[in-house]
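Report on the structure given below.
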Amino acid sequence: MATESANGVSSPELNERDVVITTNDNRNFTVKIGVARVSKTINNMIQDLGESLDLSSGIPLPNVDGPIFEKVLEWCEEHKNAPEIKVEQDPHTRERKWFTMTEWEEEYFRKFLSHLWDLAMAANYLEIPSLYYYTCQKLAERIKGRTPEQIREMFGIEDDLTEEEKAEIRRTNVWCTY
Amino acid sequence: MTFIVEDQSYFGKIIFPRNYPVQAPYIQICTTPNLKEPRKFLYLPIIENWKASCTAKEVIQATLNVMKKLDQHLNLFYSSPGLNGLQIDILCDILKFIDGSNIEKCSLVSKSWENVIRIYRKILPLRKICALVIHQEYNTYNLVVRIFLKTYPRDIERRDIKDAAEELVKIPSYFYQTERKMSKKSSILIPEYNHVNISALQNCIFDEIVIPNPPTHIELSFRNVFYIGYREAGITINNQHRDLIKIFDWLIQSQRDVSRYSLLASGSFCPDLDTFCEKVLSAFESTSEPGNLPSQIKIYTHQDKKGDQFLQKLFDRLGNLDKKRIKHKNAKGVKFNVRISGK
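Protein sequence lines correspond, in order, to chains U and C. When you line the first sequence up against numbering that gives the first Met the number 0, it's residues 0 to 177, in that order. When you line the second sequence up against numbering that gives the first Met the number 0, it's residues 0 to 342, in that order.
Here you go:
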């Protein structure tokens, strides 16, 4: 029989057990441990708490709210057996190499386009590298090629730079073409 | 145990060693928000200056205090204007997917974006620059270094002047005055920050202090970017091959990896071009690390009798080299890209 302990064991039996996760709006999500473990933060907590982990009383996630966690869970469910992603960058330009997304992933981001910031925040906190870097890439895709005005409008950012400051930035970046 | 700080809860462990209270306990926080390494041990003054008389209650109180401070700090961070709750780490990770030119554009979004970009510029992607073109200024001993974002000099020939002007960056004056005849002064229309004197060129290449955000592939060329204008004005360029030899010598003598530089020679055959090629071949033949040498040597020239002789000589010489090194498409090493253009 597989061990009951959660301490560093990823036994199939343990992965099939449910754990309750409570988000900051006090919503409880009953999740299979195998799915929850896609998040390194939750996985670490399960490992650290070991036998003292009470699966029914809930793991609190103070920095994630329910609606976003729901979306994250959708990702985790799909990626529970996915291999770790490899983040690569161009050694000369330091620019990150773009990931090739599956159709499911493209559709996922299309569906949650207006929640990309929140997804990135949640993925960062929950330490889900695939969701985090893919979301960052999606955000970069939206920023690329847009003017500062369009970026501000897209993300609801206030233009707090004076004309003098803008002129100074343009002067410092001698090759800027905008 | 669960710590409740400012209405938020965190998991943590306080581990009391066997010889407690002689030895201090360890405090480990499992879910500190937004810390890169969430499982680190907390080091508190009470632990560092541990006394056996300290009680467990004091340890817990000190832990709560430090977490409260951390929480306040994070709240301050989140309320930073313009970021809209986005963490600086996340913004950096987004910007790392974007090329240097777009990052500069993002500096103009807001003060906080500008701050983040300025502070993290050294780890963010660099601007892709296609070519660094160097030529000697008229009447002076200055070398003029010009940086192109999109266009290689050779593209200019294929386009009319107006089209080229749209792709060239920061060299507005000449191309927008197409009616104007080139005069000797005209070449000094290049912005001042692109001028370096010949001794500064070494710094420019090796220490990268003159050129911010050094380019990824640098084509060192004395081929004149104002080719059309000079031809109209009947001016020919002298000494370019000699300067190319000088730069090649610097690259070799630097004993560094200079593989991201390529050299472009063009023009009619002359003894200097011959000397240049001789030097390049000798360098590649004698080095033990050809991968550290300039990745490409391109020679563009016209077809004539001298050209044929030159090619024959070149091919004879190439027979002595490692064929794989020459022919393999992506291999570094000597790669003579000889283009003969008919008159």
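Every residue gets a Cβ at the ideal spot worked out from N, C-alpha and C, and that includes glycine.
Of the choices the options, whose alpha-carbon is the least far from that of residue i?
i, options, result
"Ala166(U)", "Val115(C), Pro124(C), Leu107(C)", "Leu107(C)"
"Val37(U)", "Gly57(U), Glu76(U), Asn25(U)", "Glu76(U)"
"Pro147(U)", "Ser109(C), Pro44(C), Asn114(C)", "Ser109(C)"
"Leu125(C)", "Leu138(U), His114(U), Arg95(U), Lys137(U)", "Arg95(U)"
"Ile102(C)", "Glu73(U), Pro61(U), Arg169(U)", "Arg169(U)"
"Val71(U)", "Glu83(U), Glu164(U), Ala121(U)", "Ala121(U)"
"Thr156(U)", "Lys121(C), Pro270(C), Cys105(C), Leu123(C)", "Note on residue identity: the sequence assigns Ile, not Thr, to residue 156(U). If we check each option's Cα against that of Ile156(U), Cys105(C) comes out closest."
"Pro270(C)", "Ile244(C), Tyr119(C), Ile251(C), Trp49(C)", "Ile244(C)"
"Ala139(U)", "Ile127(U), Pro128(U), Ala119(U)", "Ala119(U)"
"Gln46(U)", "Asn14(U), Arg145(U), Tyr131(U)", "Asn14(U)"
"Phe154(U)", "Glu163(U), Ile127(U), Leu112(U)", "Leu112(U)"
"Asn23(U)", "Leu48(U), Ile67(U), Asn43(U), Ala35(U)", "Ile67(U)"
"Thr92(U)", "Tyr25(C), Arg120(C), Tyr19(C), Leu90(C)", "Arg120(C)"
"Leu130(U)", "Phe98(U), Leu48(U), Arg26(U)", "Phe98(U)"
"Lys95(C)", "Val86(U), Glu102(U), Asp64(U)", "Val86(U)"
"Arg16(U)", "Arg26(U), Asn25(U), Val34(U), Asn27(U)", "Val34(U)"
"Arg141(U)", "Asn62(U), Thr101(U), Phe108(U)", "Phe108(U)"
"Met100(U)", "Asn43(U), His78(U), Asn62(U)", "His78(U)"
"Asp88(C)", "Val65(C), Glu277(C), Trp112(C), Gly99(C)", "Trp112(C)"
"Glu69(U)", "Arg145(U), Gln149(U), Asp158(U), Asp117(U)", "Asp117(U)"
"Lys63(U)", "Glu126(U), Arg145(U), Gln149(U)", "Note that residue 63(U) is Val in the sequence shown here, rather than Lys. If we check each option's Cα against that of Val63(U), Glu126(U) comes out closest."
"Ser100(C)", "Val18(U), Arg145(U), Met44(U), Asn42(U)", "Arg145(U)"
"Arg26(U)", "Pro90(U), Glu106(U), Gln88(U), Gly65(U)", "Gly65(U)"
Along chain C, which residues have their Cβ under 8 Å away from the Cβ of residue i?
i, result
"Thr101(U)", "Neighbours of Thr101(U) on chain C: none; closest Cβ ~18 Å, over 8 Å."
"Arg151(U)", "Val108, Ser109"
"Cys75(U)", "Within chain C, no residue comes near Cys75(U); the closest Cβ sits about 17 Å away, beyond 8 Å."
Using a cut-off of 7 Å between C-beta atoms, extract the partners of residue i located in chain C.
i, result
"Trp97(U)", "Phe96"
"Lys165(U)", "Leu107"
"Lys138(U)", "Sequence check: residue 138(U) is Leu here, not Lys. Within chain C, the residues near Leu138(U) are Ile93."
"Ala119(U)", "Ile89"
Do the CB positions of residue i and residue j come within less than 8 Å of each other?
i, j, result
"Tyr224(U)", "Thr40(U)", "With chain U represented from 0 up to 177, any question about residue 224(U) goes unanswered, as that position is not in the structure."
"Ile32(U)", "Gly57(U)", "no"
"Leu115(U)", "Lys143(U)", "no"
"Gln27(C)", "Lys12(C)", "yes"
"Glu163(U)", "Tyr133(U)", "no"
"Leu43(C)", "Thr62(C)", "yes"
"Ile45(C)", "Cys53(C)", "yes"
"Glu83(U)", "Pro128(U)", "yes"
"Ile118(C)", "Cys135(U)", "no"
"Ser282(C)", "Leu272(C)", "Residue identity differs from the one stated: residue 282(C) is Ala in this sequence, not Ser. Contact: no."
For a contact defined as C-beta to C-beta under 9 Å, what are the partners of residue i on chain C?
i, result
"Lys143(U)", "Phe96, Ile97, Asp98, Asn101"
"Pro147(U)", "Lys104, Cys105, Ser106, Leu107, Val108, Ser109, Trp112"
Which term fits residue i, buried or exposed, when burial requires 16 or more other beta carbons within 10 angstroms of its beta carbon?
i, result
"Ala55(C)", "exposed"
"Lys15(C)", "According to the sequence as given, residue 15(C) is Phe; it is not Lys. By the neighbour-count rule (16 or more Cβ atoms within 10 Å), Phe15(C) is not buried but exposed."
"Ile97(C)", "buried"
"Ala81(U)", "exposed"
"Val143(C)", "Caution is warranted here: a pLDDT of 46 is assigned to Val143(C), below 50, making its placement in the model unreliable, and no coordinate value can be reported."
"Arg151(U)", "buried"
"Leu160(U)", "buried"
"Lys110(U)", "exposed"
"Asn18(C)", "exposed"
"Ile122(C)", "exposed"
"Ser285(C)", "exposed"
"Pro61(U)", "buried"
"Pro59(U)", "buried"
"Pro24(C)", "buried"
"Val18(U)", "buried"
"Ile210(C)", "With a pLDDT of only 36 at Ile210(C), under the threshold of 50, the placement of this residue in the model should not be trusted, and no figure is reported."
Note down, in chain order, every chain U residue with its Cβ under 9 Å from the Cβ of residue i.
i, result
"Glu113(C)", "Leu160, Glu164, Ile168"
"Pro124(C)", "Gln88, Asp89, Thr92, Arg93, Glu94, Arg95"
"Asp12(C)", "Looking at the sequence shown, residue 12(C) is not Asp but Lys. Near Lys12(C) (Cβ distances below 9 Å), the residues of chain U are Asp47, Leu48."
Under 9 Å, CB to CB, which of the residues in the segment 153-164 of chain U have a partner in chain C? When C-beta distances to chain C are compared with 9 Å, the residues of the segment 153-164 of chain U below that value are Phe154, Gly155, Ile156, Glu157, Asp158, Asp159, Leu160, Glu164, in chain order.
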